[in-house]
Amino acid sequence: MKRSSILFTITAIMLFSIPFLVGRSFRVAQLPNGNQIDCAMCHVSQFGGGPKNAFGQEVEANFLTAPGSAGQVVWNAQLAALDSDGDGFTNGEELQDPDGTWTAGSPAPGDPTLVTNPGDPDDKPNPTSVHNLHSPLYFELHNNYPNPFNPSTNISFSLTEGANVRVDIYNSIGALVSSLANEYYNPGNHSLKWNATDNSGRKLESGVYYYRVSVDGYAETKQMVLLK
Ligand SMILES: [Ca+2]
Ligand SMILES: [Ca+2]
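Just so we're on the same page, my numbering is the position in the sequence shown counted from 1, plus 3.
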């Protein structure tokens, strides 16, 4: 290839890329802590362009001010409360703005070092880091009893309003071992018994475990010890 045609090709590629680069930078600036993950937040490829991941698809389908590249991202409580990639953490939790109250141009919310990708189910917060980001008045998580425990313990919480509640157990390295509940609960006090087995019914070893209870977009985590 002649030198002039190589230069022409490079110039053409650069000119062709400008609208995409402008589009990307303005999109990530419309999401809380968007610069932490950049294009990989919405695209399968970390370099942007091409197919979108689950979060990118959700944004494109329901949270743009206009269809296509002209649309701006609408970050709000509704988008924050969804778990687009299905990893058990809401988009708001992953981006450190659980209530979806951050607005474009404001300082980055929460702790930017704890941001995880809302479009990647393999990238999720350590359950102990998503603690007390916000606290609705209608939910209280109690200490499990007994603790330390063997062979079982009770995890209880109180609701002043009906809500969808999810209860998950994690081991000391943050891996999900058991999903105890994911359903609607009426107002009142509720108690769930955990018999120290994983999702396959296998007995677990002694050690530190965490129970994480999420109510709508809010989650709280407490520690417990299985001592055999
Ligand atoms: Ca998620
Ligand atoms: Ca994720």
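All C-beta atoms, glycine included, are put in the ideal place defined by N, C-alpha and C. Since this is a predicted model, take the numbers as computed values, not measurements.
Worksheet item: Once you ignore the five residues that flank P290 on each side, which residues in its own chain have a CB closer than 6 Å to its CB?
Response: The question about residue 290 has no answer here: the residues shown for the chain are numbered 4 through 231.
Worksheet item: When every heavy atom of ligand 3 is checked, does at least one fall within less than 8 Å of the C-beta of G113?
Response: Among the ligands present in this structure, namely ligand 1 and ligand 2, ligand 3 is not found.
Item to complete: Pull up the DSSP beta-bridge partners for H145, would you.
Response: Bridge partners of H145: none, in fact.
Worksheet item: Mind checking D125: buried by the 16 CB within 10 Å criterion, or exposed?
Response: Result: exposed.
Discussion item. Under DSSP, the beta strand (DSSP E) around N157 begins and ends at which residues?
Written reply: Annotation for N157: the continuous beta strand (DSSP E) segment containing it runs T156 to L162.
Worksheet entry | Distance, S48 Cα to C42 Cα | Approximately 8 Å between the Cα atoms of the pair.
Worksheet item: Within the present structure, is the beta-carbon of K127 separated from the nearest heavy atom of ligand 2 by less than 8 Å?
Response: Answer for K127: yes, Cβ within range of ligand 2.
Discussion item. How far does the beta strand (DSSP E) with E96 in it extend, from its first residue to its last?
Written reply: No beta strand (DSSP E) contains E96, which is instead part of the alpha helix (DSSP H) from N94 to E97.
Discussion item. Three or more C-beta pairs under 8 Å: does that hold for the region 193–213 against the region 159–176?
Written reply: As far as the Cβ criterion goes, the region 193–213 touches the region 159–176, which means the pair count is three or higher.
Discussion item. Taking 8 Å as the limit between beta carbons, can you name the residues of its chain near E164, skipping five residues before and five after?
Written reply: Cβ within range, chain order: Y141 and P190.
Practice prompt. Return yes when at least one heavy atom of ligand 2 lies under 8 Å from the C-beta of T68, else no.
Written response: With a threshold of 8 Å, the Cβ atom of T68 does not count as near ligand 2, since no heavy atom of the ligand is closer than that.
Worksheet item: Bridge partners of Q226, per DSSP?
Response: Y213, per the DSSP bridge assignment.
Discussion item. Please state the DSSP three-state secondary structure of I176.
Written reply: Coil at I176, not helix or strand.
Item to complete: Could you work out which residue in V218, Y173 and T224 is closest to A84 when comparing CA atoms only?
Response: Here the closest residue by C-alpha is V218.
Practice prompt. Could you have a look at V170 and say whether DSSP puts it in helix, strand or coil?
Written response: V170 falls in the strand class under three-state DSSP.
Practice prompt. Work out the CA separation of D123 and K225 for me, nearest whole Å.
Written response: For K225 and D123, the distance between alpha carbons rounds to 25 Å.
Worksheet item: Are the Cβ atoms of F66 and Q81 separated by less than 9 Å?
Response: F66 places its beta carbon less than 9 Å from that of Q81.
Worksheet item: Can you name, in chain order, every residue of its own chain whose Cβ lies under 7 Å from the Cβ of Q39, other than the five neighbours on each side?
Response: Cβ neighbours of Q39 within its own chain (closer than 7 Å, five residues either side excluded): P115 and V118.
Discussion item. Going by the DSSP bridge assignment, what does V62 pair with across the sheet?
Written reply: Partner(s): none; V62 has no beta bridge.
Worksheet item: What are the boundary residues of the beta strand (DSSP E) that includes G191?
Response: For G191, the enclosing beta strand (DSSP E) has its first and last residue at G191 to W197.
Practice prompt. Flag this pair as yes or no: are the beta carbons of Y213 and S182 separated by less than 9 Å?
Written response: No.
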